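J.:
Printed below as a string of structure tokens:
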């Protein structure tokens, strides 16, 4: 399957980060959808299949760690990348994330994290 067909869900309550990730990932050829919180992300995931999820930690309602746990509890196998400037890597990885990235991060770091879906 081509990189252009890879579908990524970006979840962040900060619209600047969310919009920036949407633009950057779209330029790289990914099919990107966005949600501003965990509840909206769950609703999108009930209707769509994603290859990867990029989620912030601190959001209103369901935070990124809770979202990750919910996704893993229903058995979804997509790549989950947790991003945060406030929590530690262990919290996200223990919840079921595959990769953790500290904010702020570079495009190169994000590209490297997404290589596993681009190469499969």
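In the working numbering, the protein residues as written are 1 to 120. Think of the CB as a built atom: it goes at the ideal place given N, C-alpha and C, for glycine as much as any other residue. Keep in mind it's a predicted model, so treat the numbers as computed, not measured.
(1) Which of the three DSSP states is assigned to residue 114 in this structure?
(2) My output table needs one value for residue 109: the three-state DSSP class, helix, strand or coil.
(3) Could you compute how far the alpha carbon of residue 8 sits from the alpha carbon of residue 51?
(4) Identify whether residue 52 lies in helix, strand or coil by the three-state DSSP scheme.
(5) Taking 8 Å as the cut-off, decide whether the C-beta atoms of residue 98 and residue 117 are in contact.
(6) Compute the Euclidean distance between the alpha carbons of residue 100 and residue 35, then round it to the nearest angstrom.
(7) Excluding the 5 residues preceding and the 5 following residue 109 in the sequence, name in chain order all residues of the same chain whose CB lies nearer than 8 Å to its CB.
(8) Hey, could you find the ends of the alpha helix (DSSP H) residue 58 is sitting in?
(9) Hey, quick one: how far does the beta strand (DSSP E) through residue 82 stretch, first residue to last?
(10) Taking the beta strand (DSSP E) that residue 35 belongs to, which residues open and close that run?
(11) Just checking: is the beta-carbon of residue 41 within a distance shorter than 8 Å of some beta-carbon in chain D?
(12) Less than 8 Å separating the beta-carbons of residue 92 and residue 65?
T.: Concretely, from the data shown:
(1) Locating residue 114 in the chain shown gives position 114, counting from the first residue. Note: residue 114 maps to helix in three-state DSSP.
(2) Taking the chain shown and counting its residues from 1, the one referred to as residue 109 is at position 109. Helix.
(3) As a first step, residue 8 must be located in the chain shown, where it is residue number 8. As a first step, residue 51 must be located in the chain shown, where it is residue number 51. About 6 Å.
(4) For this step, residue 52 is matched to residue 52 along the chain shown. Reduced to three states, the DSSP call for residue 52 is strand.
(5) Stepping through the chain shown from its first residue, residue 98 is reached at position 98. Stepping through the chain shown from its first residue, residue 117 is reached at position 117. Not in contact: residue 98 and residue 117 (Cβ atoms no closer than 8 Å).
(6) In the chain shown, the residue the question calls residue 100 occupies position 100. In the chain shown, the residue the question calls residue 35 occupies position 35. Using only the alpha carbons, I get a separation of about 19 Å.
(7) For the purposes of this step, residue 109 is taken as residue 109 along the chain shown, with counting starting at 1. Excluding residues within five positions, the ones whose Cβ falls inside 8 Å are 101.
(8) On the chain shown, residue 58 is found 58 positions in, with the first residue counted as 1. Residue 58 -> no alpha helix (DSSP H), and no H or E assigned at all.
(9) Position 82 of the chain shown, counting from 1, holds the residue named residue 82. From DSSP, the beta strand (DSSP E) with residue 82 extends over 79-84.
(10) If you number the chain shown from 1, residue 35 lands on position 35. Its beta strand (DSSP E) spans residues 31-35.
(11) Absence of chain D from the displayed structure is noted, only one protein chain being present.
(12) Residue numbering aside, residue 92 sits at position 92 when the chain shown is read from its first letter. Residue numbering aside, residue 65 sits at position 65 when the chain shown is read from its first letter. Yes, Cβ-Cβ distance for residue 92 and residue 65 is below 8 Å.
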